[in-house]
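Asker: Sharing a structure, written as structure tokens. Questions coming.
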Amino acid sequence: MNSRSDFEAKIRLALGLVVLFGIALLLLHLLLPWLLLGGGVGVGYWLWQRQQIRQFGQNALQTAFPS
Numbered sequence: 003m004n005s006r007s008d009f010e011a012k013i014r015l016a017l018g019l020v021v022l023f024g025i026a027l028l029l030l031h032l033l034l035p036w037l038l039l040g041g042g043v044g045v046g047y048w049l050w051q052r053q054q055i056r057q058f059g060q061n062a063l064q065t066a067f068p069s
């Protein structure tokens, strides 16, 4: 019984580390333009990237469902 609780504790620890690592990667991805390029340029890059993603989605929809 004790080995089972040790195993469950290890699983919980591993899952917690995976979640923390994922959150850290997400924050790094979101903050990297600001860290590398400074505030204003970083915001501009982020907005440009969002525009590129939106344009890609619109092109994909127009290709899939031509009017």
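Under our numbering, the letters of the sequence shown match residues 3 to 69, in that order.
All C-beta atoms in this analysis are idealised placements derived from N, C-alpha and C, irrespective of residue type, glycine included.
(1) By Cβ distance, which residues of its chain are closer than 6 Å to Ser7, with the 5 residues on each side in sequence left out?
(2) In whole angstroms, what is the alpha-carbon distance linking Gln64 and Arg52?
(3) DSSP three-state call for Ser69: helix, strand or coil?
(4) For a minimum of 4 consecutive residues, which ranges assigned as the alpha helix (DSSP H) are wholly contained in the stretch 6-61?
Answerer: According to the structure data:
(1) none
(2) 18 Å
(3) coil
(4) none
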